[in-house]
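For the protein sequence lines, the chains are A and B, in the order given.
First residue of the first sequence: 1, per the numbering used here; consecutive thereafter.
First residue of the second sequence: 1001, per the numbering used here; consecutive thereafter.
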Amino acid sequence: DQKTSSSELKKPLVPTSLNLSEYFKQFLFPQNECELHDFRLSFSQLKWDNWIVAPHRYNPRYCKGDCPRAVGHRYGSPVHTMVQNIIYEKLDSSVPKPSCVPAKYSPLSVLTIEPDGSIAYKEYEDMIATKCTCR
Amino acid sequence: SQASRVEAQITSSAELESGAAPWSLLQPLDGRERPGLLPPLFKVLYDEQGGTPRLQPDSRALRYMKRLYKAYATKEGIPKSNRSHLYNTVRLFTPCAQHKQSPGDQVTGTLSSVDLLFNLDRVSAVEHLLKSVLLYTFNNSLSFPSTAKCVCNLVIKEPEFPLKSLPRVTFNSQLEFQKKHKWLEMDVTSLLQPFVASNKRSILMAVNLTCMKEQPQPSAQDGTWNLTLLVRPSLLLYLNDTSTQAYHRWYSVHSQRRRAQCPHHKKGLPAYARVESAAVSRSSRPRR
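Below, the structure written as structure tokens:
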């Protein structure tokens, strides 16, 4: 098959319709990349200040943004995330793209007034997002 | 099937309107409400205006707990990591009833003995008692000697039989305090442990406090000073909430320490995979 291999060699590496900058764009990180965002609230906005005495301000933070195609170690994503991305892009777009979600949390101390008038100091797990991931 | 589905929806919404608030469907099956943050959060999800009415706490008790909060957490509510103890919950109860048993004695500074009833309904079965303290606060106007020695005689009774003459357990505690603290803490852990552990819903105790001045003060009349200004004591319970929603400091510190000791420890990877990943990291290191 000498003829085919030589004709193969003549083929341009990149399809002419697609120029290089366009081609590499698909590997860049998205502008609004998946990352942690602040959301400062006070319990009086939720009308909870009649039973939550402290803290006055609470920032639970949240994760938002697009997941890059090559997530890899950057987000601590498992290989499954890239498989899911390939399925979405090449096989079935009804399968959702990987989502930007919290991966780690920190606790919160709360001082509350109980219905019977007693007062409770409690420390709750997983009340503030501290790291995001793509899953 | 479409019609039957619509019909099912109508009946289920009718059941809801019959009175069961939607959030109550999220309550645990055993019917007992789990104290803590979650039930009110569910109410907010269903936009319950105002929530359940609450009794207002004693202002001195609230001031003490705010002071405790500042000692344990930052302004943003992050638990301070410089604390070594294991409790992640502190509950303060003020007595819901008190009956005078015997008048005090002004000369020796004996406080009138009173029966105090504490309702412990808010303590859940997953909260294990680590320490309990009777907390006396003082009126600001109290002309109290700067230091004094107090002896407390405390008798636990059966709430069901308050007049039962035989005291269950008596407890003497010798304690000293300085006025500048404004609080007098008396450790009653050994006394209350069995009651809280057996999930008692209320505790009735008769408290008799006698305080002797350290050094006589010429200004005050000899021996007479007014103890009745001592405000009735509150009961402080230091608990370890063992539920998953509570923060377990010792666990998180321990797991951070473990992670620091072996950073390459890949969670859940089989041994040969760890060897491979170590090989990979070695090969990616620049050759010498």
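From the three backbone atoms N, C-alpha and C, an ideal C-beta is built for every residue, glycine too.
Hey, would you say the C-beta of residue i is under 7 Å away from at least one heavy atom of the ligand NAD?
i: B/Ala1073; result: Although the ligand NAD was asked about, the structure shown includes no ligands whatsoever.
Excluding the 5 residues preceding and the 5 following residue i in the sequence, name in chain order all residues of the same chain whose CB lies nearer than 6 Å to its CB.
i: B/Val1133; result: Glu1185, Asp1187, Leu1236
i: B/Phe1195; result: Ile1203
i: B/Gln1049; result: In this predicted model, B/Gln1049 has a pLDDT of only 48, less than 50, meaning its place in the structure is not dependable; the value taken from the coordinates is given anyway. Hits under 6 Å: none found.
i: B/Thr1094; result: Asp1058, Ala1061, Ser1234
i: B/Asn1119; result: Cys1096, Ser1202
i: B/Leu1041; result: none
i: B/Ala1021; result: With a pLDDT of 44 at B/Ala1021, under the threshold of 50, the modelled position of this residue cannot be trusted; read the value that follows with caution. Contacts found: none.
Rounded to whole angstroms, what's the CA-CA distance from residue i to residue j? Just pull it up for me.
i: B/Asp1241; j: A/Ser94; result: 43 Å
i: B/Glu1127; j: A/Pro96; result: 42 Å
i: A/Ser106; j: B/Leu1062; result: 26 Å
i: A/Thr112; j: B/Leu1092; result: 11 Å
i: A/Asn104; j: A/Ala129; result: Looking at the sequence provided, one finds Lys at residue 104 of chain A rather than Asn. Rounded to whole angstroms, A/Lys104 to A/Ala129 spans 6 Å at the Cα level.
i: A/Ile52; j: A/Tyr124; result: 13 Å
i: A/His56; j: A/Pro115; result: 20 Å
i: B/Asp1121; j: A/Tyr75; result: 45 Å
i: B/Asp1030; j: B/Ala1125; result: Any reading at B/Asp1030 must be qualified, since the residue scores a pLDDT of 47, below 50, and its modelled position is unreliable; the value itself is stated next. Each residue's Cα considered, the two are about 13 Å apart.
i: B/Trp1023; j: B/Lys1149; result: Model confidence at B/Trp1023 stands at a pLDDT of 41, short of 50, so the residue's coordinates are unreliable; what they give is reported in the following sentence. The straight-line gap from Cα to Cα measures roughly 53 Å.
i: A/Val79; j: B/Tyr1238; result: 45 Å
i: B/Ala1071; j: A/Leu46; result: 26 Å
i: B/Leu1055; j: B/Ser1198; result: 26 Å
i: A/Gly117; j: B/Cys1152; result: 26 Å
i: A/Ile119; j: A/Arg135; result: 40 Å
i: B/Thr1074; j: B/Cys1096; result: 32 Å
i: B/Thr1189; j: A/Thr81; result: 52 Å
i: B/Lys1131; j: B/Lys1200; result: 16 Å
i: A/Phe24; j: A/Ser77; result: 22 Å
i: A/Leu20; j: A/Ile87; result: 25 Å
i: A/Arg40; j: B/Gly1077; result: 12 Å
i: A/Val110; j: B/Leu1117; result: 26 Å
i: B/Val1090; j: B/Lys1066; result: 12 Å
i: A/Glu22; j: A/Asp92; result: 24 Å
For residue i, report the span of its beta strand (DSSP E) as first-last.
i: B/Val1133; result: 1127–1137
i: A/Pro108; result: The sequence given here places Leu at residue 108 of chain A; Pro does not occur at that position. Residues 100–113.
i: B/Val1123; result: Where B/Val1123 is concerned, there is no enclosing beta strand (DSSP E), given that its DSSP letter is neither H nor E.
i: A/Ile52; result: 52–54
i: A/Lys97; result: Taken as a continuous stretch (DSSP letters only), A/Lys97 belongs to no beta strand (DSSP E), as it is neither H nor E.
i: A/Lys64; result: 62–64
i: A/His37; result: 35–37
Under 7 Å Cβ to Cβ from residue i, same chain only, skipping five residues before and after it: list those, please.
i: B/Tyr1247; result: Pro1079, Asn1088
i: A/Asp49; result: Phe43
i: B/Ser1081; result: none
Kindly indicate which residue of the options has the alpha-carbon position closest to the one of residue i.
i: A/Leu36; options: A/Asn19, A/Phe43, A/Lys64; result: A/Lys64
i: A/Glu89; options: A/Ser106, A/Arg69, A/His80; result: A/Arg69
i: A/Lys131; options: A/Cys34, A/Val79, A/Glu22; result: A/Cys34
i: B/Ser1243; options: B/Val1123, B/Tyr1136, B/Cys1150; result: B/Val1123
i: B/Leu1289; options: B/Leu1120, B/Leu1154, B/Asn1119, B/Cys1150; result: With chain B running from 1001 to 1288 in the structure shown, residue 1289 of chain B is simply not present.
i: B/Leu1135; options: B/His1085, B/Tyr1072, B/Tyr1064, B/Lys1149; result: B/Tyr1064
i: B/Leu1129; options: B/Gln1193, B/Val1151, B/Ala1071; result: B/Gln1193
i: B/Gln1245; options: A/Thr133, A/Lys122, A/Gly117; result: A/Lys122
i: B/Leu1068; options: A/Arg40, A/Val79, A/His80, A/Ala54; result: A/Ala54
i: A/Pro98; options: A/Asp92, A/Asn85, A/Ser109; result: A/Asn85
i: A/Asp66; options: A/Ser77, A/Phe24, A/Asp92, A/Gln31; result: A/Gln31
Alpha helix (DSSP H) containing residue i: first to last residue?
i: A/Gln47; result: Before going on, a small fix: residue 47 of chain A reads as Lys here, not Gln. From DSSP, A/Lys47 is part of no alpha helix (DSSP H); its letter is neither H nor E.
i: B/Arg1232; result: Here B/Arg1232 belongs to no alpha helix (DSSP H), and DSSP marks it neither H nor E.
i: B/Thr1089; result: That residue, B/Thr1089, is in no alpha helix (DSSP H); its beta strand (DSSP E) goes 1089–1093.
i: A/Tyr75; result: First-last for A/Tyr75: undefined, no H or E at that position.
i: B/Leu1070; result: Sequence inspection shows Lys at residue 1070 of chain B; the Leu mentioned does not correspond to that position. From DSSP, the alpha helix (DSSP H) with B/Lys1070 extends over 1059–1072.
i: B/Glu1076; result: Neither: B/Glu1076 is in no alpha helix (DSSP H) and is coded neither H nor E.
i: A/Thr130; result: First-last for A/Thr130: 119–134, but that is the beta strand (DSSP E), not the alpha helix (DSSP H).
i: A/Tyr23; result: 20–25
i: B/Val1196; result: 1189–1197
Between which residues of its own chain and residue i is the CB-CB distance below 8 Å, once the five residues before and five after are set aside?
i: A/Asp38; result: Asn59, Arg61
i: A/Leu108; result: Pro55, Tyr58, Glu123, Tyr124, Met127, Ile128
i: B/Leu1086; result: Leu1130, Asn1240, Arg1249, Trp1250
My understanding is that residue i touches residue j, with C-beta atoms under 8 Å, so please give their C-beta distance in whole angstroms.
i: A/Val101; j: A/Thr133; result: 6 Å
Name, please, each residue of chain D whose Cβ falls closer than 9 Å to the Cβ of residue i.
i: A/Pro96; result: The structure shown contains no chain D; the protein chains it does contain are A and B.
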